[in-house]
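Numbering follows full-length UniProt numbering, in which position 95 of the sequence shown is assigned residue number 95; successive positions increment by one, without gaps.
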Amino acid sequence: MSYNAEILKVVHIFPEPTLKIPEECKGKGFCAIKPEGYDEMQDLVKKLLDTQFIAQNLGDRIGDDIEIGTTELSPESDWHNCPYRKKRETMYLYNHGNDTKSADYIIQNDLIQQPVDIVSCANDVIETGSDKEQCFQHLGLSSFNLKSQCETSNTLRNYFVLDVISKQIVIKTYEVPCCCSCKISSSI
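See below:
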């Protein structure tokens with residue numbers, strides 16, 4: 001006896017989330033403003049976040065105890081080595097360049113929190129003309145006709161985002177400002 005067996009695939013049908021990019025976020029990269037419609041997509045996200053997904057993917061998501069929304073300034077004793085500010089924020093989306101119609105929706109909920117730590121140079125705390133205006137001057141860089149200045153450097157970090165078209169959770173990589181580095185050049 002032969003017969004054709006049909007393979008049935010159970011698919012959860014979810015309405016297309018209606019997510020609206022806030023005007024303040026357009027073309028800006030990371031955005032801490034929760035877009036309209038973000039909360040409505042949580043049912044879909046929670047269905048996709050099963051126990052196996054969490055066990056396989058979240059081992060490296062545990063961070064330190066910095067509170068969301070706080071800003072830390074580096075100790076003044078270290079300002080000769082580029083003062084910096086570190087801020088931890090909950091980001092809800094990432095908008096690419098000048099694209100004003102689409103964005104990546106970063107997953108933030110009670111199962112996954114993906115804070116973004118942004119570190120930037122705090123050059124405004126150094127007085128113009130002070131001996132700390134150029135970094136590492138205590139090393140005698142000026143005697144070699146070298147100039148130095150603090151610049152923010154970036155690193156690549158992975159985040160879980162909801163692909164609203166395929167209705168899947170995907171990993172995307174973004175540049176994140178991670179530290180303030182001393183850049184040395186050869187002319188004063």
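Heads up, the beta-carbon is just placed ideally off N, CA and C, and yes, glycines get one too.
Local conformation of residue i per DSSP, three classes
| i | result |
| --- | --- |
| VAL45 | helix |
| CYS25 | helix |
| SER144 | A small fix is needed here, since residue 144 is Phe in this sequence, not Ser. It is helical. |
| ASN109 | coil |
| ASP50 | coil |
| VAL125 | helix |
| GLU175 | strand |
| SER185 | strand |
| SER166 | coil |
Environment of residue i [buried if 16+ CB atoms lie within 10 Å]
| i | result |
| --- | --- |
| PHE144 | exposed |
| LEU44 | buried |
| ILE171 | exposed |
| LYS86 | buried |
| ASN158 | exposed |
Residues bridged to residue i [DSSP beta-bridge criterion]
| i | result |
| --- | --- |
| THR71 | LYS87 |
| TYR94 | PHE30 and ASP104 |
| GLU36 | LYS20 |
| GLU133 | Paired residue(s): none; GLU133 is not in a bridge. |
| CYS82 | According to DSSP, CYS82 bridges with nothing at all. |
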